[in-house]
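Student: Numbering-wise, the sequence shown is residues -20 to -1, 1 to 381 according to mature numbering (1 follows the signal peptide of the UniProt record, and there is no 0). Where a beta carbon is used, it is the ideal one built from N, C-alpha and C, also for glycine. Bear in mind the structure is a predicted one, so any value in this text is a computation, not a measurement.
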Amino acid sequence: MKIHLLLITFLLIFANDVLSDHAFCLDFLPDPTNLSHKIQRPCPVVKSSDADRKRAISVATPANNSDMFTVSFSCLVENEKPDLCRKVENAFYTAGQIISSSIKFNTPLVVNASLVDFCKSAGICQSGTGRLTLGGAGPSRFIPIEKDQRVYPQPLLKQLDIENHLEYSPYDINALFNSEGNYWFEEDGPIKPDQSDFLFVILHELIHGLGFCSGWDDHSEFLGIKNMITPAPLLLTTSTGQVIFGGFREFIFDKFVILLSDGTYLSNFTTELNKFSGIGTIHNSMNDFLHYFINTFPSSPEYQITQKMMNISTTSKSLGILSLNKTDIKDAFILETSLIPYLPKSSISHCDYTTYTKSSDFLMRYLQDPGVSLKKSIHLGGNYENGPIGPKLAETLSLIG
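Okay, here's the thing in structure tokens:
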């Protein structure tokens, strides 16, 4: 069975309805101190010529479509650990082949992958029995689509042959991994109890890079208010440098998220949030906007929605993904909302750990079980025909793409 990663039909209509020349895109730039680091930067509208598009496709597309991922790999521990560098690079290519065998792409994607010693480069070292940060990955750029009022990850938008679009990042997925992780590779022999299967790790992260992530999160770095979650804030800039607050934008992932208690779509909350009176206000600078937002939003009725969402996102089995053509909540892909306190990038943007451990949909849990290989996880989940791409994950990827 193949999942067709084709953008939903209405995007074909809205392809030219990207935001104005002064829109901001959200760039994902992970570093060892902040693996979820994002910055907003202006994205001009660009026009891709037919010749450029054809040339890019002819250079990058494999003849048999068996691997639609091109990996630009940088190993910063090449001198100390050349064998590890080789294994990691090979694992990226294997992961690309696994995903390409289950998902049909129209346009090849470029992954910017780095292996770095987090301890030496950023002082992030393992201490005691605490968990060691292994790394992370995500879409290199999130791009707003005006008419749909949502934000799309670049890897999905590139599957459309759009002539006029907001400028793409040179890479489609950014990935950064810690060379100090106790990784296991197929050629190493039996996996040890404290090892992590690197192929498992990067498959998980590449799926995030394809858009398995929610816009609902802690955006305090842009909004200046902690302990609240909202969809991604949208900021625009004028030609004179003024800043306009464009409201809150869901990711395409969020379109299909429901409350499991009653089937209400999370998009209803976004609609209510966007009634905030400050949307559309013009500010002389980013600092002026932050001062305004910090002093007005907490006293608004919309702020209470963010607090309600914080409660929902820390209540076990409260949210799930459900196709628009389904009505039975039992068919939902349950999302991770059991973590207390709320854990940015882990809560909501993963499937429920308890429900999907030892199931065919094990891949997108927020924790990987040490000492359990990818093959073992597939076996424990019932040897599903698509291997690590389980049925509910497959359906979700089909929905968002």
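(1) Please state the DSSP three-state secondary structure of Gln77.
(2) If you count every other CB in all the chains shown that lies within 10 Å of the CB of Gly300, and 16 or more means buried, which is it?
(3) Give me the DSSP bridge partner(s) of Leu6.
(4) So within the stretch 193 to 279, which uninterrupted beta strand (DSSP E) runs reach at least 3 residues, ignoring any that extend past its ends?
(5) Among residues of its own chain, excluding the 5 on either side of Lys67, which ones have a beta-carbon nearer than 6 Å to its beta-carbon?
(6) Could you tell me the boundaries of the beta strand (DSSP E) in which residue 383 lies?
(7) Count the other CB atoms within 10 Å of the CB of His184; is the residue buried (16 or more) or exposed (fewer)?
(8) Please return the same chain residues whose Cβ sits closer than 8 Å to the Cβ of Lys297, not counting the five positions on each side in sequence.
(9) Give me the residue from Phe157, Pro88, Cys99 with the minimum Cα distance to Leu9.
(10) Count the CB pairs spanning the stretch 106 to 123 and the stretch 78 to 89 that are closer than 8 Å, and state whether there are at least three.
(11) Using only alpha-carbon positions, find the residue among Ser176, Gln134, Pro213, Asp47 that is nearest to Val223.
(12) Taking Cβ positions, are Arg345 and Lys235 nearer each other than 8 Å?
(13) Apart from the five residues just before and just after Tyr364, which ones in its own chain have a Cβ nearer than 8 Å to its Cβ?
(14) Thr218 and residue 404 - do their beta-carbons sit closer together than 8 Å?
(15) Straight-line CA distance for Ser118 to Glu58?
(16) Considering only the beta carbon of each residue, do Val90 and Leu56 sit closer than 8 Å?
Tutor: If we stick to the structure as given:
(1) helix
(2) buried
(3) Gln20, Phe122
(4) 212 to 217, 223 to 231, 237 to 239
(5) Phe165
(6) Examination of residue 383 is not possible in this model, given that the chain is present from -20 through 381 alone.
(7) buried
(8) Leu240, Ile314, Thr317, Ser318, Asp332, Thr335
(9) Phe157
(10) no
(11) Pro213
(12) no
(13) Ser340, Ile358, Gly370, Pro371
(14) This structure leaves residue 404 out entirely; the chain is present only between -20 and 381.
(15) Note that residue 118 is Gly in the sequence shown, not Ser. Taking the straight line from one Cα to the other gives about 24 Å.
(16) no
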